[in-house]
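K.L.:
For the sequence shown, the working numbering begins at 2 and goes up steadily by one.
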Amino acid sequence: MSRGIESLIARDQANPDLWLWLGRTRIEEAWDIKPEVKARAVQAQRLEAYHAAMESARQPLVTAAGLMPADPVPWESMLWLALGLERPRADKDSVWYECSRRWPTLYSANVARLITLSPGWGGTATEMLEFARTVLANAPEGSPLPALIPLAHFENVASERTPMSRGGWFSFDAQREIVAAAGQWSQRRIGPAHPRSIEAHNAFGAAFYLSDLRRPARGHLTRTGGRFSRLPWSHLGGEPENQFHRACNKLNVITN
C-alpha cells in the first residue's frame with residue numbers, strides 16, 4: 002500500500018495524516034519481510050532489506066510529528082520503529098516520553114510501551130507487570146487500558162513458552178489478576194464503547210479461553226463482533242485469525 006500513499010502525498014504534502022499513514026504502513030510492510038531468527042544466518046540479504054524497509058518509515062513519521070506537534074500517534078508509531086530496529090533502551094524511553102507527555106492514556110501507545118518492556122524484547126517481567134498495574138490503577142473511566150494486564154501475562158508466558166509446551170498458560174495468581182482487571186474495566190465502562198474496546202475484549206477473551214473460564218471468555222469474544230486483533234492471538238502460534246475463530250467455535254460464539 003505504501004506506493005499508493007506516496008502518490009497521494011505527492012499531491013498533498015502538507016497533510017500530516019498521509020505522512021503518518023505512510024510511515025506506519027512502511028513499518029507493517031517491514032514486519033512482513035522480517036526473517037525468522039533461526040534463518041538469519043542464511044538470510045543476511047533479507048535481514049538487510051528488512052532493516053532498510055523499517056528505517057524508511059522514520060522520515061515520514063518525523064514529518065507527521067512536525068506537521069502536527071501535539072499529536073501523540075506519530076510517536077506511538079516510532080515506538081514500534083524503535084522496537085523493530087532493536088534500538089537501545091534509552092531510545093525507546095525517549096520516544097515513550099514524547100508520546101506519553103502528549104497523551105498518557107492513549108491505549109495503542111501504552112500497548113507499544115508494554116511490548117518494549119516485555120522479556121521477549123529486552124525488558125523484564127517485573128518491570129512490564131509493574132507498568133501494566135500502574136496503568137490499570139490510573140485508567141480513566143471507560144478506558145480499555147485494564148487489558149494491559151492480560152496482555153502483560155501473555156507476553157510473560159510467551160517469552161518462556163515454546164510451540165511444544167504443555168500445560169496451562171497462566172498460574173492461579175495470574176488468572177485472579179486478570180479476572181480482577183476485567184471486573185474493574187466493566188465497572189468503569191460508561192457511555193459508548195471505546196474505539197479500542199474490541200482489542201481489549203480480544204485480550205480478555207483469549208486469556209479466559211486459555212484459562213478454561215468459558216462464560217467470561219464467551220462474553221468478551223461475543224463483544225468483539227467477530228473482529229480479531231493480532232495481540233494476543235499471535236502468541237498461540239499460526240495465524241491470529243485462525244486462533245481467534247478456533248476459540249470462538251469451541252465456545253459457540255457466532256463470528257459472522
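C-beta atoms are modelled at their ideal positions from N, C-alpha and C, and glycine is treated no differently.
Predicted, not measured: the structure shown is a model, and the values here were computed from it.
What's the C-alpha gap between MET165 and ALA159?
P.N.:
The residue given as residue 165 occupies position 164 in the sequence shown. The residue given as residue 159 occupies position 158 in the sequence shown. Caution applies to MET165, whose pLDDT of 42 falls short of 50 and renders its modelled position unreliable; the value that the coordinates give is listed next. Going from the Cα of MET165 to the Cα of ALA159 covers about 12 Å.
K.L.:
DSSP on MET165, reduced to helix/strand/coil?
P.N.:
Position 164 of the sequence shown holds residue 165. Low per-residue confidence applies at MET165: pLDDT is 42, beneath 50, and the placement is therefore not dependable, though the value from the model is reported in the following sentence. Correct three-state label for MET165: coil.
K.L.:
By DSSP, does ASN139 sit in helix, in strand, or in coil?
P.N.:
Reading the sequence shown from its first residue, position 138 is the one you call residue 139. Coil.
K.L.:
When burial is assigned at 16 or more other CB atoms within 10 Å of the CB, is MET129 buried or exposed?
P.N.:
If you number the sequence shown from 1, residue 129 lands on position 128. It is buried - the Cβ of MET129 has at least 16 other Cβ atoms within 10 Å.
K.L.:
Between TRP22 and the rest of its own chain, which residues show a CB-CB distance below 6 Å, the 5 nearest in sequence each way excluded?
P.N.:
Here the question's residue 22 lines up with position 21 in the sequence shown. ILE6, listed in sequence order.
K.L.:
With contact counted as at least three CB pairs below 8 Å, one residue from each stretch, are the stretch 84-98 and the stretch 109-120 in contact?
P.N.:
Contact between the stretch 84-98 and the stretch 109-120 is present, because at least three Cβ pairs lie under 8 Å.
K.L.:
Report buried or exposed for ALA133, applying the criterion of at least 16 other Cβ atoms within 10 angstroms of its Cβ.
P.N.:
Translated into the one-based positions of the sequence shown, residue 133 becomes position 132. With 16 or more Cβ atoms within 10 Å of its Cβ, ALA133 is classed as buried.
K.L.:
For the alpha helix (DSSP H) containing MET55, name the first residue and the last one.
P.N.:
Locating residue 55 in the sequence shown gives position 54, counting from the first residue. 45-56 is the extent of the alpha helix (DSSP H) around MET55.
K.L.:
Could you round the C-beta distance between SER78 and ARG25 to whole angstroms and report it? I think they count as a contact, below 8 Å.
P.N.:
For this step, residue 78 is matched to residue 77 along the sequence shown. For this step, residue 25 is matched to residue 24 along the sequence shown. Rounded, the Cβ-Cβ distance is 5 Å, consistent with contact.
K.L.:
Identify, in the order they occur along the chain, each residue of the same chain with its Cβ nearer than 6 Å to the Cβ of ALA183, setting aside the five sequence neighbours on each side.
P.N.:
The residue labelled residue 183 in the question sits at position 182 within the sequence shown. These residues qualify, in order along the chain: PHE205.
K.L.:
Tell me the residue span of the alpha helix (DSSP H) that contains GLN60.
P.N.:
For the purposes of this step, residue 60 is taken as the residue at position 59 of the sequence shown. Per DSSP, GLN60 belongs to the alpha helix (DSSP H) from 59-68.
K.L.:
ALA113 by DSSP, collapsed to three states: which one?
P.N.:
The residue labelled residue 113 in the question sits at position 112 within the sequence shown. Helix.
K.L.:
On the three-state DSSP scale, how would you describe TRP81?
P.N.:
Residue numbering aside, residue 81 sits at position 80 when the sequence shown is read from its first letter. Looking at TRP81 - three-state DSSP - the assignment turns out to be helix.
K.L.:
Starting from ILE10, follow the alpha helix (DSSP H) in both directions and report where the run begins and ends.
P.N.:
The residue you call residue 10 lines up with position 9 of the sequence shown. ILE10 -> alpha helix (DSSP H) spans 3-12.
K.L.:
Among ALA66, GLY67, PRO73, PRO120, which has the Cα closest to the Cα of LEU84?
P.N.:
Mapped onto the sequence shown, residue 84 falls at position 83. Measuring from the Cα of LEU84, the nearest candidate turns out to be PRO120.
K.L.:
Which residues bound the alpha helix (DSSP H) around SER95?
P.N.:
Along the sequence shown, read from residue 1 onward, the residue named residue 95 stands at position 94. Here the alpha helix (DSSP H) through SER95 covers 90-103.
K.L.:
Of the choices PHE173, ARG47, ALA201, THR135, whose alpha-carbon is the least far from that of GLU37?
P.N.:
Here residue 37 refers to the residue found at position 36 when the sequence shown is read from its first residue. Cα-wise, what sits closest to GLU37 is ARG47.
K.L.:
Where does HIS195 sit, in a helix, a strand or coil, going by DSSP?
P.N.:
The residue labelled residue 195 in the question sits at position 194 within the sequence shown. Residue state, collapsed to three classes: coil.
K.L.:
Quick one: any contact between the stretch 141-152 and the stretch 193-204, if contact means 3 or more CB pairs under 8 Å?
P.N.:
At 8 Å Cβ cutoff, the stretches touch.
K.L.:
Please check the pair GLU99 and TRP76, which I expect to be a contact at CB under 8 Å, by giving their CB distance rounded to whole angstroms.
P.N.:
Counted from its first residue, the sequence shown places residue 99 at position 98. Counted from its first residue, the sequence shown places residue 76 at position 75. Going by Cβ atoms, the distance from GLU99 to TRP76 rounds to 5 Å, so yes, they are a contact pair.
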